[in-house]
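Residue numbers (our numbering), protein chains in the order written: chain Y, 1 to 161; chain S, 162 to 262; chain V, 263 to 738. Shown next, in structure tokens, is the structure this report addresses.
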Amino acid sequence: MTYHNLLFVLAAFFAVWAVMARKLLTSAIMLALVSVTVSLIFFDFGAPWAGVFELSVCAGLITVLFIGGVSLIRTEEEKRPEGRARFYALPLALAAFAIAAWFYLPPFFEELAGAKVLVSGGGTIGAALWGLRRPDLLGQVLMLAAGVFVIKSVFPRRTEK
Amino acid sequence: MSAFAMDWYLIALVIFTGFYCMLASRSIVRQLIGLELISKGAMLTVISAGHQTSNLVLAQALLITMIVIEVVVVAAGLALLVKNFRIHGTADIWKLDGLKG
Amino acid sequence: MDKGLLAYLLIPLLSAVIIPFAARRRALLADILANVTLLAGLANIAWLALRPSVIQGGFADIPGDGFSLLLVGAVYLVALCVTFFSAWFMPEGQPNRAAYYSLLLVSVSAMTGVVTSTDFFTLYVFIEVLAVTSFALITTDESAGGIEGALKYFFLTFPASALIIVGVAVMLLSLGSLSFESLRIAMSAEAPAAAVTFSAALILLGFLIKSGVVPFHTWTPDAYQGAYAPVSAHLAGIVTKISGVYAIIKLATLLRFFDGRAQALSEMLMFLGMLSIAVGALAALRQTDFKRMLAFSSISQVGYIVLAAGLGTPLAVMGAVFHLINHATFKTVLFLNSASVEKATGTTDMDKLGGLEHSMPWTSWTSVVALLSTAGVPPLSGFWSKLLIILALWEAGLRGYAVMALLFSIVTLAYFMMMQKKVFFGKKGQAAESSAEVSAPLLAPAVLMCGIIVALGLLFPYFYTYVKVVAERIIL
């Protein structure tokens, strides 16, 4: 098994662990590990910019947000743990899916790969973002503005009281 | 089997895990984790497609936008979680059954 | 992206950013700024599309494909009604007042972005912005129902977005580009059909979930019922239509270029449309909550649009576009009226209401106009769009679908009549005793929309010319 495949298997493994972990904190950390693995995959594909963003933003910032959220509700969560049976069934369900999909999906994906169109995509990321994807940049600005207003709306500063 | 088909097969497993988590769990945090897993899978498909067609520059440009979106979505989801926790005192999604019909 | 319409995106964004600073001193400035921005935009659009010279020229001077401009007009119209309504509806000193208007304006920007985008990924980006703003808007009043609706919305739309992204990735793989134009070219060429169809199917599935078509409709009633009252008009009137149905119409018209190779997809779309018409109408019959009933009716009307989009002939697309606009007008009236009823009586439970006709005549009669338009009674605008859809179905040889669509339009009339009888006519309920008509500014948006419904119905020939130009530009 090559390094490349190993990374994908690791990502799937951490994903299962994140779902099955009993404590939410463990889940959040496993999610961070999935992110790290995914960013390693990006580096392996030769996409360093995506890897750096994934590593710093998803593995860093989002994990911090998650751990903040988890620590807020942890006491309540420990008081009433949810039933574990459905989570113990995950490996079983996943195995069933994996075996069934083994016969159908890879041939289908081979067909998809056969239909690919090669594009000579040159240039730098910055040029591509600015030149080709300018509306997306506008969308990003809009998204950040929306995020700020969402936080302002959900946690308003109360003047009275 | 080509490397591409193997990659996408494993991505399909990750996405399945995410959906399973969203269906099985009642906790909002766990549902968010499932959502994250699904979107990780989606990101992997984009980069893999870009790699396959030697169009990585475009794929990375798309991915950076997707990551920005993801942060805002997760932050907003956690804000909802906190607000829900304040109003209902629980993070359990099936306890919410005030609306019926 | 359509450069000519960029200003309609940037100006609301600008005033959304200004509002929190302006409102720090005087809260009233937030209302004024939001209303003025939207009114100015609407006046500008009216000047672009409704100048006498343009009408005389058969709308040939409309920039772009005309569809975008029409939808931007609808977005501004509904948003203006909602902002105007909420300026009087919202209690004084609501702590997140400024943020509410900012979010409304950002959602207007995002919707403009959606309808002017020329590329699937840009479409996705703006739809995400729209989703984020709309679930924050749902929870504006911090009620228990609002947060529940918002959570259900959240956990159904974002997995749908992930499906769209996987579809985009497959498209990147098999086309190398993401624009609508390249899909159109690939479809008319002898491209390998399987991969492109697969990606179109994934994207379509995502948008079907987002528009609340029947097997995926579970979030819709909860979100509409739980939402802050004016926001439910915004959501039902325009937001879910732009974030889901618009893309379905766009994709369905593109699928036609596949000449038969994506037949299964179109047929599935039509089947789901018919299913939503039936399930939505039958479920609406047995609701006891005013807003929840309107939500099911909304599912049923979306079914008509999806059915027509799936058919994809020029006449059907015209019907779909026209019904989209009509849906925006009549659903806004009905939801705003339900908000008025809620404000006057404190409840939307239909068993407790009744006999509001005498105390709230304006609300009652605007509801009558809107519901007759929904049910497709001539000469109101809803009649023409349903007529176009049913004619298109009949012409395409789908007699069964045509008859079913006609029958369920009668069911629509039935459940709305029941609603009207329970809420406005009949015996005075306990809630109706102490209620009085809401103030004139709260009625103004509903009256304006009713005027538009009647005008669109009576001036149908002009509108038909416009929609025909649109359908020709989209399809040819």
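By construction, the Cβ of each residue, glycine as well, lies at the ideal position given by its N, Cα and C atoms.
Is there at least one Cβ from chain Y nearer than 8 Å to Leu217 of chain S's Cβ? Interface annotation, Leu217 of chain S: in contact with chain Y, CB-CB separation under 8 Å.
Buried or exposed by the 16-neighbour rule on C-beta atoms within 10 Å, applied to Gly506 of chain V: Classification for Gly506 of chain V: buried.
Is it buried or exposed for Lys23 of chain Y, if we count other Cβ within 10 angstroms and need 16 for buried? Burial call: exposed.
DSSP-derived helix/strand/coil call for Phe165 of chain S: Secondary structure at Phe165 of chain S: helix, using DSSP grouped into helix, strand and coil.
Could you round the C-beta distance between Leu129 of chain Y and Ile225 of chain S to whole angstroms and report it? I think they count as a contact, below 8 Å. With a Cβ gap of about 7 Å, Leu129 of chain Y and Ile225 of chain S count as contacting.
Return the CA-CA distance between Trp309 of chain V and Tyr338 of chain V, expressed in angstroms with no decimal places. Cα atoms of Trp309 of chain V and Tyr338 of chain V: separation of roughly 14 Å, rounded to the nearest angstrom.
At the level of alpha carbons, what is the spacing between Asn297 of chain V and Val119 of chain Y? Straight-line spacing of the CA atoms in Asn297 of chain V and Val119 of chain Y works out to 47 Å.
Do the CB positions of Val595 of chain V and Ala708 of chain V come within less than 8 Å of each other? With respect to Ala708 of chain V, Val595 of chain V sits close: the two C-beta atoms are nearer than 8 Å.
Taking only runs that begin and end inside the segment 620-650 of chain V, name each unbroken alpha helix (DSSP H) of 4 or more residues, in chain order. Counting only runs of at least 4 residues, the segment 620-650 of chain V fully encloses the following alpha helix (DSSP H) elements, listed from N- to C-terminal order: 623-637.
Under 8 Å by Cβ, that's how I've got Ala113 of chain Y and Ala173 of chain S pegged, so tell me the actual separation to the nearest angstrom. Not really, about 14 Å apart at Cβ, beyond 8 Å.
Per-residue DSSP class, three states only, for Asp293 of chain V: In this structure, Asp293 of chain V counts as helix in the three-state DSSP scheme.
Can you check whether the CB of Asn599 of chain V is closer than 8 Å to the CB of Gly644 of chain V? The criterion of a C-beta distance shorter than 8 Å is not satisfied by Gly644 of chain V and Asn599 of chain V.
Can you tell me which of the three DSSP states Ser560 of chain V falls into? Helix, per DSSP.
What in chain Y is Cβ-close to Gln213 of chain S, meaning under 7 Å? Chain Y residues near Gln213 of chain S: Ala113 and Lys116.
For Gly211 of chain S, which residues in the same chain have their Cβ closer than 6 Å to its Cβ, ignoring the five residues on either side in sequence? Answer for Gly211 of chain S: Leu217 and Ala220, listed in chain order.
Restricting to runs no shorter than 4 residues, where is the alpha helix (DSSP H) found entirely within the segment 573-615 of chain V? Qualifying alpha helix (DSSP H) stretches, in chain order: 576-607.
Could you tell me the distance, in whole angstroms, from the CA atom of Gly147 of chain Y to the CA atom of Ala237 of chain S? Straight-line measurement puts the Cα of Ala237 of chain S at about 7 Å from the Cα of Gly147 of chain Y.
Where Trp169 of chain S falls, given that 16 or more other Cβ within 10 Å makes a residue buried: If you draw a 10 Å sphere on the C-beta of Trp169 of chain S, you find 16 or more other C-beta atoms in it, and that means buried.
Leaving aside the five residues before and after Ile194 of chain S along the sequence, list all residues of the same chain whose C-beta is less than 7 Å from its C-beta, in chain order. Result list for Ile194 of chain S: Cys182, in chain order.
Could you tell me whether the Cβ atoms of Ala590 of chain V and Ile715 of chain V are closer together than 8 Å? The Cβ-Cβ distance between Ala590 of chain V and Ile715 of chain V does not fall below 8 Å.
Count the other C-beta atoms from every protein chain shown that fall within 10 angstroms of the C-beta of Ser200 of chain S, then say buried if there are 16 or more, exposed otherwise. With 16 or more Cβ atoms within 10 Å of its Cβ, Ser200 of chain S is classed as buried.
Should Lys744 of chain V go down as buried or exposed, given a rule of 16 or more other Cβ atoms within 10 Å for buried? The structure shown has nothing for residue 744 of chain V, since chain V only spans 263 to 738.
Using a beta-carbon distance below 8 Å, is Glu160 of chain Y in contact with chain S? Legend: pLDDT at Glu160 of chain Y = 46, less than 50; position of this residue unreliable, value from coordinates given subsequently. By this cut-off, Glu160 of chain Y is not an interface position.
Validate contact between the segment 395-409 of chain V and the segment 491-501 of chain V using beta carbons, cut 8 Å, 3 pairs: Yes, the segment 395-409 of chain V is in contact with the segment 491-501 of chain V.
Starting from Glu410 of chain V, follow the alpha helix (DSSP H) in both directions and report where the run begins and ends. Ala406 to Leu437 is the span of the alpha helix (DSSP H), which, as asked, contains Glu410 of chain V.
When Y:Val38, Y:Trp102 and Y:Phe97 are compared against Ala15 of chain Y, the one with the closest alpha-carbon: Ranking Y:Val38, Y:Trp102 and Y:Phe97 by CA distance to the CA of Ala15 of chain Y puts Y:Val38 first.
Quick one: does Gly262 of chain S have its CB under 8 Å from some CB of chain V? Only weak support exists for where Gly262 of chain S lies, its pLDDT of 44 falling under 50; the coordinates are left without a value.
Span of the alpha helix (DSSP H), counted from its first residue to its last, around Gln192 of chain S: Per DSSP, Gln192 of chain S belongs to the alpha helix (DSSP H) from Ile189 to Gln213.
Can you check whether the C-beta of Ile736 of chain V is within less than 8 Å of a C-beta belonging to chain S? Interface with chain S (8 Å Cβ-Cβ cutoff): Ile736 of chain V is excluded.
Determine, for Ala220 of chain S, whether the minimum Cβ-Cβ distance to residues of chain V falls below 8 Å. Yes - at least one Cβ of chain V is within 8 Å of the one on Ala220 of chain S.
Sequence ranges, beta strand (DSSP E) only - wholly within the segment 469-508 of chain V, length at least 3: For the segment 469-508 of chain V, not one full-length beta strand (DSSP E) segment reaches 3 residues or more.
Residues of chain V with a CB under 8 Å from the CB of Ala210 of chain S: which are they? The answer, in chain order, is Ala431, Val432, Leu434 and Leu435.
What whole-angstrom Cβ distance do Val729 of chain V and Val639 of chain V have, given they're in contact under 8 Å? About 20 Å separates the beta carbon of Val729 of chain V from that of Val639 of chain V, a gap too long to meet the 8 Å contact definition.
Give me the Cα-Cα distance between Arg133 of chain Y and Ser635 of chain V, rounded to the nearest whole angstrom. Each residue's CA atom was taken as its position, placing Arg133 of chain Y and Ser635 of chain V some 42 Å apart.
Proximal residues of chain V, C-beta to C-beta of Ser27 of chain Y below 7 Å: None at all; the shortest Cβ gap to chain V is about 17 Å.
Along the segment 389-400 of chain V, what residues have a CB closer than 9 Å to any CB found in chain S? For the segment 389-400 of chain V, the residues whose beta carbon sits under 9 Å from a beta carbon of chain S are, in order, Glu390, Val391, Ala393, Val394, Phe397 and Ala398.
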